[in-house]
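In the numbering used here, the protein residues as written are 142 to 584.
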């Protein structure tokens, strides 16, 4: 009788976990989709927002500012929505954050250009990207802890890896959308079809996707039972920086700083470097190659997460950091050397460099959440993940400084090596967490 009675409970727990997992996956997909919008979609249409008197340097600064605003809004979002998620609840906080992100993205997709609004168009564009960053920082700060708390302990690594597949899949999706749009609507002057309205399509799609996620969360995702049983703190943010949580935050900050430093050369530098130096490679060919690379990488994340459930998170990350610092940096060096003579070999090397940096991200949702108590989990995870974004966001300035010591095209490998070393340091300093039982840790 007891076995028969227990089945519905187990089945319900499994369905709750899967719905929370799917919600977190879609949320992360939307978040990364939003990050890549200004890099891949808006870049060819920047002339629509800036005056014709702007030269290439000024236009590039505007483009970098748009990307930086997207990233820098996230720590503020983690601060605001982490507090709400630890006091008001993960589910309601996610719904509010996702809805806000949808509004900001949709408005940007309808924004007039320089000819209509003048310089105010640029200001509004950057402000909307910052606002979207705030809300999206809130989304993963609330949704990912909910998914980890709903997941069975023995499957947290796998669930973490599945959530992380949203990263390569979102990059591949937006790369393919951009290729299709530019094929049908070639970019050109501000009055070209792509500059006038073609770039708006992915933004409007992204906004509608976030609204769909908000509806899904409202209808199908339950609040975390572990959170409901926890002792809510009056000020979880202050608790993160005091008591026994400060060390956990600092470890997370060091680890994530390493991953963000290593990611910048891969996501923001290499595609442009390959377009400039890669022999026989057109922008379209590079976009298609990147889409294929990231689609293949999507299969690596669940595997890495599942492996960490056996080996442990800490040793996996220590080894991964060493591979990034040594192997990834060396492959980056080879890529720069061979690109002018053999563009397609450079593409293969870029795939290997990207894999070395991106694959270990599979563990991070689980590992960071496992380091914090339930009452401060969202705040600790969100701040540790997001505040670490700030120093690496200024990668272009670090490259400019390094360029006084070495050729500019090699500066990215220094950032990658630094990132790998920080990952090793953060993981070595951190505890092993794969056996943490959230149900017994509701403080």
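Glycine included, every Cβ here is placed at the ideal spot set by N, Cα and C.
So, using beta-carbon positions, are residue 466 and residue 419 closer together than 9 angstroms?
In this structure, residue 466 lies away from residue 419, with their beta-carbon atoms at least 9 angstroms apart.
Measure the CB-CB distance between residue 188 and residue 198 and report whether it falls below 9 angstroms.
Cβ atoms of residue 188 and residue 198: not closer than 9 angstroms.
Range covered by the alpha helix (DSSP H) that runs through residue 186
From DSSP, residue 186 is part of no alpha helix (DSSP H); its letter is neither H nor E.
Quick check on residue 545: buried or exposed, where buried means 16 or more other Cβ atoms within 10 Å of its Cβ?
exposed
Using the three-state DSSP reduction, which class does residue 471 fall into: helix, strand or coil?
The three-state reading of DSSP puts residue 471 in helix, counting H, G and I together.
Look at the Cβ atom of residue 534, then the Cβ atom of residue 282, and state whether they are nearer than 9 angstroms.
Going by C-beta atoms, residue 534 is not nearer than 9 angstroms to residue 282.
On the three-pair Cβ rule with 8 angstroms, is the region 354–361 touching the region 370–389?
no
Stretch pair the region 297–306 + the region 439–457: three plus CB contacts closer than 8 angstroms:
yes
So residue 348 is in the alpha helix (DSSP H); what residue range does that whole segment cover?
341–361
Under the rule that 16 or more other beta-carbon atoms within 10 Å means buried, what is residue 151, buried or exposed?
With a pLDDT of only 46 at residue 151, under 50, the local geometry of the prediction cannot be trusted, and the value read off the model is given with reservation. Under this definition residue 151 is an exposed residue.
Any idea what DSSP makes of residue 314, helix, strand or coil?
Looking at residue 314 - three-state DSSP - the assignment turns out to be helix.
Taking 8 angstroms as the limit between beta carbons, can you name the residues of its chain near residue 179, skipping five residues before and five after?
204, 207, 208, 211 and 270
Evaluate contact between the region 280–296 and the region 256–269, counting only Cβ atoms and requiring at least three cross-stretch pairs below 8 angstroms.
No, they do not touch.
If residue 415 sits next to residue 427, beta carbons under 8 angstroms apart, how far is it from one beta carbon to the other, in whole angstroms?
6 angstroms
Quick one: is residue 360 buried, meaning 16 or more other Cβ sit within 10 Å of its Cβ, or exposed?
exposed
In whole angstroms, what is the alpha-carbon distance linking residue 261 and residue 254?
9 angstroms
By Cβ distance, which residues of its chain are closer than 6 angstroms to residue 558, with the 5 residues on each side in sequence left out?
466 and 470
With a threshold of 8 angstroms, are at least 3 pairs of Cβ atoms found where one atom belongs to the region 219–229 and the other to the region 155–170?
Contact annotation: the region 219–229 does not touch the region 155–170, with fewer than three C-beta pairs closer than 8 angstroms.
Report the rounded CA-to-CA distance for residue 453 versus residue 196, giving the unit in angstroms.
51 angstroms
Should residue 491 go down as buried or exposed, given a rule of 16 or more other Cβ atoms within 10 Å for buried?
Residue 491 is buried by the Cβ-count criterion.
Pull up the distance between the alpha-carbon of residue 194 and that of residue 273, whole angstroms please.
29 angstroms
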